[in-house]
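This report concerns only the one structure given below.
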């Protein structure tokens with residue numbers, strides 16, 4: 001692992017149970033030294049130059065910078081500035097740390113960087129928004145909110161790493177940092193943040209490569225002819241349309257499940273306003289708790305019905321509650337601070353709410369999925 005130009009041997013992963021527990025304890029002890037907000041992405045199996053290019057940077061422009069130097073310059077940039085990164089490599093692994101921008105937690109980039117290996121990204125913000133995403137061999141394996149205690153077991157299991165769910169519950173941040181070290185062999189400690197590494201603070205954004213025209217199938221084109229709102233999104237399929245896609249997904253999920261209440265109205269209002277500050281973080285947490293309660297209620301209803309499996313649907317109480325749980329998860333996703341993940345996961349959860357053909361919501365979701373894919377990949381899904 002890189003430590004100011006020195007290297008240490010990668011962890012012996014064949015005997016890593018005890019070792020990773022020790023690493024976890026080490027991160028618990030130093031977590032107060034980490035920044036208030038950061039995005040950290042570990043990549044294994046990709047060349048460093050390809051990683052740098054994936055983050056939108058020119059490798060030849062990288063210079064030696066410390067974390068403090070990167071932050072001092074980054075916080076003075078406007079929203080149109082380019083990427084801001086600090087990185088280190090060891091063997092076939094690279095770690096990229098971002099104080100702003102958080103490109104690393106975008107699902108599209110993770111899929112690209114993991115084409116020949118793995119990529120793990122974590123982020124947290126001063127507004128208590130957090131997320132963990134993991135991709136392997138070009139596919140997004142999981143993306144979850146570590147503050148969602150109810151879903152931790154299944155989410156962390158899909159990481160296929162050593163730490164037990166109990167350690168994730170004890171200190172998710174230390175567990176995520178441990179997972180990153182297990183994947184890459186790179187230790188992020190006090191010394192790492194004090195020492196210089198390769199970095200870049202781009203004051204202007206890079207020119208986007210040319211892309212083909214958006215192509216939609218007959219069903220999507222028919223929907224656009226009937227729905228001016230979707231037509232407006234399709235007419236200019238750019239990144240700034242992603243919040244609108246997430247909002248429409250949230251509205252459809254709420255509409256089809258009948259999920260109501262002041263909290264739901266507040267969440268929709270924040271999504272529409274593209275508010276991702278402290279208030280949005282608090283509401284996101286409350287909606288996540290509501291989703292957990294709905295799932296518990298669905299399981300209790302399932303026992304009363306004497307059924308053996310929980311199936312979403314409008315015909316049973318357990319199925320209705322599960323649909324509302326999925327709608328709440330749609331809202332949680334749409335409140336994500338990363339627009340790529342917000343749109344992608346909101347559409348995914350909305351698709352699990354039994355959208356109706358009668359009011360065109362099913363067709364809306366289909367059209368938006370094609371548009372979202374085009375925006376995030378730069379190519380057509382069809």
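Residue numbers (UniProt numbering): 1 to 382.
Quick reminder that beta carbons are idealized off the backbone N, C-alpha and C, glycines included.
Quantities reported herein were computed from a predicted structural model and do not represent experimental measurements.
Can you tell me the Cα-Cα spacing of residue i and residue j, whole angstroms?
i	j	result
residue 7	residue 137	Confidence is the limiting factor: at residue 7 the pLDDT is only 37, short of 50, which leaves the residue's position unreliable, though a coordinate-based value still follows. Cα to Cα, residue 7 sits roughly 27 Å from residue 137.
residue 348	residue 323	13 Å
residue 167	residue 175	6 Å
residue 27	residue 261	40 Å
residue 146	residue 172	6 Å
residue 366	residue 218	11 Å
residue 48	residue 91	10 Å
residue 221	residue 328	29 Å
residue 309	residue 64	56 Å
residue 193	residue 278	27 Å
residue 21	residue 182	11 Å
residue 385	residue 29	In the structure displayed, the chain extends from 1 to 382; residue 385 sits before or after that span and is not available.
residue 59	residue 102	19 Å
residue 304	residue 292	19 Å
residue 51	residue 318	46 Å
residue 302	residue 148	23 Å
residue 184	residue 177	11 Å
residue 249	residue 295	20 Å
residue 211	residue 273	29 Å
residue 61	residue 240	28 Å
residue 67	residue 189	12 Å
residue 374	residue 363	17 Å
residue 316	residue 300	12 Å
residue 267	residue 314	24 Å
residue 35	residue 97	11 Å
residue 286	residue 170	21 Å
residue 357	residue 43	42 Å
residue 195	residue 32	18 Å
residue 381	residue 25	44 Å
residue 226	residue 376	25 Å
residue 379	residue 311	35 Å
residue 290	residue 77	37 Å
residue 275	residue 265	14 Å
residue 269	residue 339	16 Å
Kindly list the residues whose CB is nearer than 8 Å to the CB of residue i, restricted to its own chain and excluding five residues on each side of it in sequence; keep chain order.
i	result
residue 341	105, 106, 107, 131, 133, 143, 333
residue 361	252, 255, 256, 355
residue 393	This structure leaves residue 393 out entirely; the chain is present only between 1 and 382.
residue 224	216, 230, 231, 234, 367
residue 75	99, 100
residue 306	none
residue 271	243, 246, 247, 250, 331, 334, 335
residue 353	252, 253, 256, 257, 312, 323, 326, 327, 330
Quick one: what's got a C-beta closer than 7 Å to residue i's C-beta in the same chain, skipping five residues either side?
i	result
residue 70	84, 86, 99, 199, 201
residue 45	92, 116, 117, 118
residue 111	135, 138, 139, 140
residue 125	37, 337
residue 54	109, 112, 113
residue 259	324, 327, 328
Excluding the 5 residues flanking residue i on each side, which residues of the same chain have their C-beta closer than 6 Å to its C-beta?
i	result
residue 127	277, 278, 281
residue 288	148, 332
residue 122	40, 132, 176
With a cut-off of 8 Å on the beta carbons, I'd call residue i and residue j a contact; round off their distance for me.
i	j	result
residue 321	residue 298	4 Å
residue 180	residue 263	About 34 Å separates the two Cβ atoms, so there is no contact after all.
residue 214	residue 237	5 Å
Here's the rule I'm using: 16 or more other beta-carbon atoms within 10 Å means buried, otherwise exposed. How should residue i be labelled?
i	result
residue 23	buried
residue 284	buried
residue 345	buried
residue 372	buried
residue 187	buried
residue 343	buried
residue 359	exposed
residue 325	buried
residue 129	buried
residue 369	buried
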